[in-house]
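Protein chains in written order, with the numbering used here: chain L, 310 to 451; chain H, 526 to 934; chain D, 2 to 182; chain A, 306 to 429. All C-beta atoms in this analysis are idealised placements derived from N, C-alpha and C, irrespective of residue type, glycine included.
Written out as C-alpha cells, the structure reads:
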C-alpha cells in the first residue's frame, strides 16, 4: 500500500457516517543526532547569528525510520495550498485565512483508531473506516 | 568592476524581460504610436519584477530550491503541469524569436540573409550552453547587452523637447489617433513582458548555479535593484527615441531595422555599430536565458539533474531538453515565420503561467519551514498581493484584448 | 548487420515509450500554435463599404510609413550616418510592408463603385511608393559598390528624395480621400 | 532519539530527491508503506514508510489509474539520510536503478557528444 492510495480516500465512521476524505498522512520521523565531525561546521555555527549558511535557516534533519502516526481527515480534498490549517503561518494575508476557513473541521485520527482499509472493486480506490470511540484530535503540527 | 560583475545575473535576466527581440520592437512600436504615454507600464512592470525576482532569489539562496521546484511542490502535479506547459510554450516561442532575432541583428550588420544566420546563431547558442561557464556567460552576454545604452545616448544627442516627452508620460492618456483597446493591449503586452515567468525561473536557477547562500542576500538585492530598473530604462530609451524621430514622421514600426534609425540619426555610424552589437548581445543573452529556462523548468518539474555547473553528462536530460528546444526553434524559423510575431503569441500563454508562477513564490516566501527567519516582511506581502491582483487582471484581459485588436494592429 | 538493425530497433522502442507523453504534449502545443497562427495571420477581406474604405486607408497608412522610413534611411546614408547594409535592410523590410499593403488592396473586393475607385487610386499610390523604394535600394547598392542590374540607378539622392516625396504626396492625398488621418 | 512530525503530502510528496552528492535524482511521487516486519499494511497495526517511489506514478496522479507496484522505480527508505526542503539520500545516483533513463540518455546521447564530459567549472 502507498500513501497515494490513502490520500483522498473516503473516510467512514464506525456507524457508516461519511466523515470526509484523507487529506494527509502524518508520519513521525526518528531524528538521529548527528556527530559534529564535519570540518568547517563549527565556523558556520558561529556565523549563524549574522549570516547563516545555506539551509541552516530551514529545518533539515538526519532521519531514521518513518512511522505512520495518524490520518488527517478533512471535509474537503486538500486543495492547492494545503497545510495552513496545521501551521501558524498567517501571511500573506488573505491566502492562509481563506484556506484555513475552507478547511475548518479538519481533524487528526490516530492510526491505531483506524479499523479497516478496504480496497473498492473496480478503480482501485480505497476506503477508510474508523474504530468505535475514535477521537478527533486537533490537526496542528507540533 | 567586481561589483558590476556581481550583478550580471540580474542584468542578463532583465534583458530577457525588457529588451529581448520582441520587446525591442514592441518598445519602438509603442513609442512610434503612443509616444511616452505607456511609460507608466514599464515602471509598474519594473517594480513588480523587482519584487518577485527578489523573492525567488531569496528563496533560492536560503532554501537552495529554484522556483519551479517550489511550484511543483506547492501546486501539486496537475496545476504545476498546466504551468509547465504554458511556461514551456512561452520559453520555446521566445527562444524561437530570439534565435531569429540574432539572425535579424546579424543581417543588419552584414546584409547576409537572416535565414543563413539562423543555423549559425542556434549553433553558437548551443556551444555556449554546452561549454561555457555560467559566470562567464552571464558576464559577457549581460555586459555587452548593456551597449543598448546607446539608445539613451542617442536620445540625449537628439536633444528632444523633454517637457513634451514628460507631458506624454504624465498623466498617461492614449493619443486621440489610437483606439483605447490598442492602447490597453500594448499596456498588457508590456506588463506581461516585464513580468514574464522565465525571468524568475532563470534568476532563481542562476542563483543556485552560482551557489548563493543566505550570505548572498545582499547580492540578491543588488542584482534586482540594479538589473531590472536598468532594463526598464533601456526600454524607455528605445520608446523615447521612436517617439522623437519616428512618431512625427508618421512611421509605424514593423521591423527591427527601423528602430536603429533614430540612433543613426543621432550618433552616426559609430553609435549605430555600438547599438547593433548591443542588439546582437541582448538577443543572444535572451536566447541563452530562454533556452536555459526551458531546461530548468522541465528538469525541476520532473526532478531531473540540472545545471550548467555540472558536466553535461551529469545533467543529461537537462542538456537534451535544451538541444531539442533549439532544434524545434530552428525548425519553426525555417518556415519563414516572422520572429517578432512569434513573441506576440506568448501573451496568450502568460495568462496561465503568470498567476501559477507568482502565487507559489509568494506563498513559499512566507513559509518558515523554507525560509527560517528570512520570511517576507509586511511591505513585500502587501505589495505582492497587490501585484497578484494586477497580474490576474492583466492575464485575464490579455486574450480578449488580443482578439479584439488583432494583436494591436 | 542484422545485429545493428536490431539494436537500432531496440533503441527506437525505448525512446518511443519514454517520449509518448512528451509527444502528446508537443502535439497539443503545435496544434495550438497552428490555430493561433491561422487566427492572427489571416485578415478577412472586408465587404461593407465603410470597411472597404478603412482597409484602403490602412494600406495607405502602411505605405506612407514605409515611404517615410525610406526617406529617413536615404537621407541618413547620404549624410554618411548609416552603413550600407543597414540602409539596405531597412529598405528591404519596407518593400515587404509595401508588398503586404499591395496584396491587401488587390485581394479586397470592393462592394461599390466609390470604394472601387478608392482602391484603384490606393493601388497606384502604393505602387508609386514601391517604385521609389526599389529605386532607393538600387541607389544604396550602387553607393556600396554593388549594383542591382534590374533597375536604373537614380542620378543622385536629391532625385531619389524628390521621387519619394512625390509618391508620398500622392499617398497622403489618397489617404485623405479614404478618410484617413 | 527525538521525533519530528511531518505530513506526507505537505512535506514529502513532490519534493526533490537529491543523492549523496547533492545531485537531483527525481521527485518524491509516492511513498510505499509496509506493515509489521515489512509485510502487508494492516489497519491499526504498526506501519512505516518502506520506500520512496519515483517515476510513472506521476502520470497516474495526473490522469488517474494505477501502476502495478512491481513497475515502480523505488528507493528504499533506508537510503534516505536527511529530510529538509529536499529529501537527501546516503547513496550516489549511479547506484540507483530508479535513475535508468538519465543513465541511458547520458551513455547513449549526451556523453557521446564531444565535450559531454567536460567540466564547465574547470579551466578551459
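Under 8 Å between C-beta atoms of residue i and residue j
| i | j | result |
| --- | --- | --- |
| residue 335 of chain L | residue 414 of chain A | no |
| residue 584 of chain H | residue 866 of chain H | no |
| residue 764 of chain H | residue 555 of chain H | yes |
| residue 557 of chain H | residue 694 of chain H | no |
| residue 104 of chain D | residue 53 of chain D | no |
| residue 647 of chain H | residue 853 of chain H | no |
| residue 810 of chain H | residue 666 of chain H | yes |
| residue 552 of chain H | residue 818 of chain H | no |
| residue 821 of chain H | residue 831 of chain H | yes |
| residue 139 of chain D | residue 127 of chain D | no |
| residue 172 of chain D | residue 65 of chain D | yes |
| residue 324 of chain A | residue 333 of chain A | no |
| residue 567 of chain H | residue 757 of chain H | yes |
| residue 382 of chain A | residue 403 of chain A | no |
Residue nearest to residue i in terms of C-alpha spacing, selected from the options
| i | options | result |
| --- | --- | --- |
| residue 468 of chain H | H:649, H:837, H:728 | Residue 468 of chain H lies beyond the range of chain H shown here (526 to 934); nothing can be said about it. |
| residue 670 of chain H | H:843, H:544, H:871 | H:544 |
| residue 883 of chain H | H:674, H:726, H:714 | H:726 |
| residue 794 of chain H | D:88, D:103, D:104, D:140 | D:88 |
| residue 687 of chain H | H:785, H:824, H:762 | H:762 |
| residue 448 of chain L | A:423, A:312, A:351 | A:312 |
| residue 160 of chain D | D:107, D:76, D:70 | D:76 |
| residue 392 of chain L | L:321, L:311, L:332 | L:332 |
| residue 124 of chain D | D:137, D:98, D:175 | D:175 |
| residue 750 of chain H | H:925, H:928, H:877, H:579 | H:579 |
| residue 894 of chain H | H:532, H:589, H:537 | H:589 |
| residue 81 of chain D | D:180, D:141, D:93 | D:141 |
Helix, strand or coil at residue i [DSSP, three-state]
| i | result |
| --- | --- |
| residue 601 of chain H | helix |
| residue 380 of chain A | strand |
| residue 337 of chain A | strand |
| residue 872 of chain H | helix |
| residue 327 of chain L | strand |
| residue 342 of chain L | coil |
| residue 57 of chain D | helix |
| residue 370 of chain L | strand |
| residue 394 of chain L | helix |
| residue 358 of chain A | strand |
| residue 415 of chain A | helix |
| residue 441 of chain L | coil |
| residue 329 of chain A | strand |
| residue 890 of chain H | coil |
| residue 386 of chain A | strand |
| residue 348 of chain L | Below a pLDDT of 50, predicted positions are generally treated as unreliable, and residue 348 of chain L, at 44, falls in that range; the measurement from the model is reported next regardless. Coil at residue 348 of chain L, not helix or strand. |
| residue 432 of chain L | coil |
| residue 375 of chain L | strand |
| residue 853 of chain H | helix |
| residue 316 of chain L | coil |
| residue 309 of chain A | strand |
| residue 401 of chain A | coil |
| residue 350 of chain A | coil |
| residue 179 of chain D | coil |
| residue 863 of chain H | coil |
Residue burial classification, residue i (beta-carbon count within 10 angstroms, cutoff 16)
| i | result |
| --- | --- |
| residue 724 of chain H | buried |
| residue 640 of chain H | exposed |
| residue 412 of chain L | buried |
| residue 385 of chain L | exposed |
| residue 68 of chain D | buried |
| residue 111 of chain D | buried |
| residue 479 of chain H | Outside the shown range of chain H (526 to 934) lies residue 479 of chain H, about which nothing can therefore be said. |
| residue 689 of chain H | exposed |
| residue 801 of chain H | buried |
| residue 417 of chain A | exposed |
| residue 790 of chain H | buried |
| residue 405 of chain A | exposed |
| residue 108 of chain D | exposed |
Quick one: which unbroken alpha helix (DSSP H) runs of 4-plus residues sit fully inside the segment 716-767 of chain H? Chain order, please. 723-734
Unbroken stretches of the alpha helix (DSSP H), 4 residues or longer, contained in the segment 670-701 of chain H: 675-683, 687-694
Within the segment 402-429 of chain L, ranges of the beta strand (DSSP E) (whole runs, at least 3 residues): 416-419, 423-428
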